[in-house]
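To start, the structure under review is shown below, and the notes come after it.
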Amino acid sequence: MNRKTLIFIIIAVLLGSGIGVGGTILAQKTIFKTQSTAKVSQPKQDGPLLSLGELLINLQGGAILRTTITLEVVDAKALTDLKAKTAILNDKVNSVLLNRPLADVQTPENLTKLKAELLKKLNGVANNEITDVLFEKIVYQQ
Numbered sequence: 041m042n043r044k045t046l047i048f049i050i051i052a053v054l055l056g057s058g059i060g061v062g063g064t065i066l067a068q069k070t071i072f073k074t075q076s077t078a079k080v081s082q083p084k085q086d087g088p089l090l091s092l093g094e095l096l097i098n099l100q101g102g103a104i105l106r107t108t109i110t111l112e113v114v115d116a117k118a119l120t121d122l123k124a125k126t127a128i129l130n131d132k133v134n135s136v137l138l139n140r141p142l143a144d145v146q147t148p149e150n151l152t153k154l155k156a157e158l159l160k161k162l163n164g165v166a167n168n169e170i171t172d173v174l175f176e177k178i179v180y181q182q
């Protein structure tokens, strides 16, 4: 082998090694992010809470539901606005729950569906300022 061929081979090996090491470092930093290099998402901030108080509702078949419902709202301004509408919000809750079968409040799956329905009805009055419906207490009697 002559001198030029040997230099060419050495340069090719060094260049290939440099590209390989650089590519590996780049891939680790961008594609294969680890827990320490990945951005940590901020936890969801809970909004202000508006209590609708305790409600006593007749269910189908003579069952009675006693519940305390609290609404999570988007911000303090929404809380102030909705405090003035508490009677309307209570009426919407009563209209949704009145004459429901007892089964609608006995299982977690049914309660989740009921919460979604309440959220939809209440946001119709609240201009989508309510983010969650919370059942603080649920007691039923057959």
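All residue numbers for the sequence shown refer to our numbering, where the first residue is 41 and numbers rise by one. Virtual Cβ for every residue (Gly too), placed ideally from N, Cα, C.
Boundaries of the alpha helix (DSSP H) in which V53 is found, first to last residue:
The residue labelled residue 53 in the question sits at position 13 within the sequence shown. V53 -> alpha helix (DSSP H) spans R43 to T70.
Using beta-carbon positions only, say whether N134 and G93 come within less than 9 Å of one another.
Counting from 1 along the sequence shown, the entry for residue 134 is found at position 94. Counting from 1 along the sequence shown, the entry for residue 93 is found at position 53. For N134 and G93, no; Cβs fall outside 9 Å.
Roughly how many angstroms separate the alpha carbons of I109 and K69, rounded to a whole number?
For this step, residue 109 is matched to residue 69 along the sequence shown. For this step, residue 69 is matched to residue 29 along the sequence shown. If I take the Cα positions, the gap works out to 47 Å.
Reducing DSSP to helix, strand and coil, say where K153 ends up.
In the sequence shown, counting from the first residue as 1, residue 153 sits at position 113. Three-state result, K153: helix.
Whole-angstrom distance between I47 and V53, CA atom to CA atom:
Counting from one through the sequence shown, the residue named residue 53 turns up at place 13. Counting from one through the sequence shown, the residue named residue 47 turns up at place 7. Rounded to whole angstroms, V53 to I47 spans 10 Å at the Cα level.
Span of the alpha helix (DSSP H) around L122:
Position 82 of the sequence shown, counted from the start, is the residue given in the question as residue 122. Where L122 is concerned, the enclosing alpha helix (DSSP H) stretches over A116 to K123.
For D172, does the three-state DSSP call read helix, strand or coil?
Translated into positions along the sequence shown, residue 172 becomes position 132. Strand, per DSSP.
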